[in-house]
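Chains as they are written, first to last, in full-length UniProt numbering: chain A, 1 to 593; chain B, 1 to 593.
What follows is the structure, encoded as structure tokens:
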């Protein structure tokens, strides 16, 4: 039910509906939308600070420009909530029953006012340049404005710089709004921010100006949270005939004191109590991340040259605790995944023991660095990858590709632990050996305990948790419990005493065990929490290709899933124990006949 | 045999050997090394202009610093020939019998003066920052200088910017030498070069300075080809206690007029006549690239909104001819593969029909853009990929990964034509349809002609060139002729009348054909010019996993090959027709028993 039928926003179905409003009404709108952001985020989770900070500039954009004829492209697009409310999607914020109807990012399938699905940073300028170039070619007399909105934090990603560099070549309309709230996800990192501060401190007057250096027109806006100012600025630059950078100073979290006081915490929040600020879900007592940090702290304290590197997402890995204990060993390179990987390689070359913390979906941004710097050079960096999992989240952040894109590369050992003791055992070995880069896939399911069956992973010996016959289940990493359950049901339903294997690695195979399985097994089943195409299962398929062994693979198909509940996804993907057992049964029968 | 036993360079076994030389001797050394670069490059091919331009700064580095205690990291490292001659590898330039002993890039296995295998651009600053950070941690009192040498062209790659941004955080020794020769591989592209020009024009005095903006110390050197100047500059900055950018103006091709007059042609050259400048190999009469450009020109002339986009490598694709005919439809974004892909997506969204030209090894740099911008957004961009092949070249530029990293992604159709008519047929379809991004893998083998068996590739129907039984050969793209030869030998040696299939796509499979193959075939063989891990073959393995069909995959193993002649590599990889037939024979026999 609409929680606020009295709100002014109810009258806004299209952006044009705000054009007749006066300044006071527009300000009221901003206030309402801030409240709606907080109500929705506190109920279902979402980006808080980024959205609170851009209310005025969003309203001003839609007041001055004519969307979708004029086009705004939101970088990352996690700050597009107000844009969504003003472009026909207000019910997704007014009515809790509809909170889940609207995604947290722009999506052309939601609205003609969105042009791209976007969830990764630093793409908006390159996208805007492309839109402008297409306009100049296809529709040169359209007087269509193209506006990119990019945060200061996103500017540290190399693609943003590549975009700026090419934007400067354009000889037609392009407006790049740099939303400078002096924060990234965590703190801004790097020399760029010294320069931006100088520009803010001089009201944009400093002669040293990276944008002008590149030949871009430039204008500073001291208070981007003042609606009248933003309206005036947009009116002045509308239909400009060349690229301009609007450097707009805003406040992240504007209008909600807790989000201003703790900008990191309120960048994105899981559901929380709006009164107390407390999280609605309590943190688990023990976690894989905490165990990793404990181990790193212990190694530093034992005198090992261990360092921790990450690209702007320390919160995902509990790295605050490492930084607090060993600030000189902690490196956040900002949103710059390429740099994080390449720098880590060099630190290993120089004798340090770097441990990189990466998210599956963002590590994609450093693929060439994985190939050309990590795999080719073989220095013993260690990498922890989180978020490598089929998930109920946005398609923009799908974490199912990492096994495919890492396991196909030479020289990298990609380990998939099934429990916390095994993960720490792998981490210790990775930090002790000098031969190979090691990536460890942190499980994202319920934390399990266990006893590692080896303490060196230079050669992989499969851990055969149960020796059976006929069918062998290879359950990878976080899907270990699923493998156990499949075994249980195979026994119960089909009276098959299946073998259960922890393969530990998605890159190295235990050829001996695979060979001997052929003696008393007809079917090998692989279960992995990731993409089937190029995944672990296909490695096993290839091994058994020329033999009589039948192989069945379970994992994610080659598709994007967008905000689908996990139980539904598992059902779609044939990943419930019942479905897996049914599929095995069919092959067992075909093997008999 | 040493061609120049009288050269001064013969006395140089280690960098320290030049420290006692006087300026005239050092200048003589520069002249000799220029001659040796030209002799070697004209004989076996290599980078010309980049090496001729850095003679003085290389000699000065080794004269002033103490390598390998002090460390120089060459960006791309294609300009490291002089460094190699001065660090014990002169015979690779003096003696034609040893030309092939020394690779064209830095390589730690060649010399302790090299720290990384490097062949892709824009990595050196991030590497140098990592080396410096490791030094500060592991060896803080070592007074070790870390020097990165990066060309102006390489600065357009986002990773270079990420590196600069993080370099500015360093509070210890780091020297970033920007070797500004006013050229990339082709022309420099983008606003950055306006700013660099302003710095050159003002002798580094302009207040607008991107390096200082980021908080980096800065010094301009007007003539980086003057040995005395470079020695003095290096002496002054040696042991500096903070990061500094040396902006050094040099001339690409210095000392060899043809390389100055045509800097693009002499960036890298295949073997050529040193007197006439003529290529030793004549260009083939017809080529896949020429056919593609003919088609694009025709489409533009027919009024289609086709545009061509590339990232600094127009020469690889004959794009000069397209640019000459349709300059307004031609976009070179500089060395910025991420930007090229993201901008192309937006151009497609805006109604243009972008055709992207990418090299397999460099497209790796835009992997996240393939996932997050291309696959997720599904705009109908078209991409031509060259260099996707097992090659005799450097490990740094291995082109065997593209099938793995593209075919595992949703929504992208990756087509592998076997002949030029099929390639153009695929290109026409790709530019006509609106449903899907299409990538086309240009064959790198002998140009073949043929008749396409379909003209829409929305659904893939396998082209069964010959219907046989027992064994089916699926030969992908450039390996079509190999497939034909395997079929011939199977008939001749084993009297097997094998089926021969052109699968056309490495992403979509023809389930109907694969299904019916089971009726009268026992073995399916896949042959692809790329990585087996995550490749096309594994897709077929997975399809037949639960069945009785045996599958054999041929392709490249998960390893880097470094300058190995192709016939040797094929032998290693079991890719000669004889080996493939032998392997098939073994499985045929095992199937009988």
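Beta carbons are placed, not taken as given, at the ideal position from N, Cα and C, and that holds for glycine.
| Item | Value |
| --- | --- |
| What are the residues in the stretch 334-354 of chain B lying within 7 Å of chain A by C-beta distance? | 334, 336, 338, 339, 342, 343, 344, 345, 346, 347, 349, 350, 351 and 352 |
| Between 582/A, 51/A, 564/A and 574/A, which lies nearest to residue 557/A when the distance is taken from Cα to Cα? | 574/A |
| Can you tell which of 444/B, 406/B, 408/B and 434/B has the C-alpha that lies nearest to the C-alpha of residue 423/B? | 444/B |
| Is the beta carbon of residue 285/A less than 8 Å from the beta carbon of residue 353/A? | no |
| Is it true that the stretch 451-459 of chain B meets the stretch 388-401 of chain B, where meeting means three or more beta-carbon pairs spaced less than 8 Å apart? | no |
| Indicate whether residue 156/B and residue 334/B have their beta-carbon atoms separated by less than 8 Å. | yes |
| Rounded to whole angstroms, what is the Cα-Cα separation between residue 593/B and residue 523/B? | Low confidence applies to residue 593/B: its pLDDT is 46, below 50, so where it sits in the model is not reliable enough to give any reading. |
| Can you list, in chain order, the residues of its chain whose CB lies under 6 Å from that of residue 90/B, leaving out five sequence neighbours each side? | 9 |
| Taking the alpha carbon of residue 480/B as the point to measure from, which residue in 84/B, 251/B, 420/B and 468/B has its own alpha carbon closest? | 420/B |
| Taking beta-carbon pairs under 9 Å, can you tell me which members of the stretch 110-121 of chain B lie near chain A? | 115, 116, 117, 118, 119 and 120 |
| When DSSP labels each residue in this structure, what does residue 378/B get in the three-state scheme? | coil |
| Measuring only the C-alpha atoms, how far is residue 502/B from residue 471/B? | 14 Å |
| Between residue 106/B and residue 74/B, which are expected to be in contact by the criterion C-beta below 8 Å, what is the C-beta distance as a whole number of angstroms? | 6 Å |
| Could you tell me whether any Cβ in chain B is nearer than 8 Å to the Cβ of residue 214/A? | yes |
| Under the DSSP definition of a beta bridge, which residues are partnered with residue 254/B? | Paired residue(s): none; residue 254/B is not in a bridge. |
| Tell me the rounded alpha-carbon separation between residue 596/B and residue 172/A. | A question about residue 596/B goes unanswered here, because the residues of chain B that appear run from 1 up to 593. |
| Mind checking which residues open and close the alpha helix (DSSP H) that includes residue 272/A? | Looking at the DSSP string, residue 272/A is not in any alpha helix (DSSP H), and its letter there is neither H nor E. |
| Identify every residue that forms a DSSP beta bridge with residue 332/A. | 310/A |
| Leaving out the 5 sequence neighbours to the left and right, which residues in its chain are closer than 7 Å to residue 249/A when beta-carbon positions are compared? | 180, 200, 221, 222, 223 and 224 |
| Are the C-beta atoms of residue 481/B and some chain A residue less than 8 Å apart? | no |
| Quick one: residues in its chain with C-beta nearer than 6 Å to the C-beta of residue 553/A, no 5 flanking neighbours on either side, listed in chain order? | 526, 532 and 537 |
| Three-state secondary structure (DSSP) at residue 211/A? | helix |
| Verify whether the separation of the beta carbon atoms of residue 381/B and residue 336/B is less than 8 Å. | no |
| Drop a sphere of 10 angstroms on the beta-carbon of residue 367/A, count the other beta-carbons inside from all chains shown, and report buried for 16 or more, exposed for fewer. | buried |
| Is residue 416/B close to chain A, meaning its C-beta is less than 8 Å from at least one C-beta of that chain? | no |
| Check each candidate in 319/B, 82/B, 362/B and 311/B and name the one with the smallest Cα separation from residue 343/B. | 311/B |
| Considering only the alpha carbon of each residue, which of 192/B, 162/B and 198/B lies closest to residue 190/A? | 162/B |
| Rounded to whole angstroms, what's the CA-CA distance from residue 19/A to residue 375/B? Just pull it up for me. | 37 Å |
| Can you tell me whether residue 203/B is buried or exposed? The criterion is at least 16 other CB atoms within 10 Å of its CB, across all chains shown. | exposed |
| Taking the continuous beta strand (DSSP E) assigned at residue 475/B, which residues delimit it? | 470-475 |
| Determine the extent of the beta strand (DSSP E) in which residue 556/A is found, giving its start and end residues. | 550-556 |
| Closest to residue 175/A by C-alpha separation, out of 148/A, 168/A and 158/A, would be which residue? | 148/A |
| Among the residues of its own chain, which have a CB less than 6 Å from the CB of residue 33/A, if the five just before and after it don't count? | 55, 82 and 85 |
| Is residue 323/B close to chain A? Criterion is C-beta to C-beta, closer than 8 Å. | no |
| Measure how close the beta-carbons of residue 95/A and residue 3/A come, nearest whole angstrom, since I'm counting them as under 8 Å. | 7 Å |
| Compute the Euclidean distance between the alpha carbons of residue 513/A and residue 490/B, then round it to the nearest angstrom. | 33 Å |
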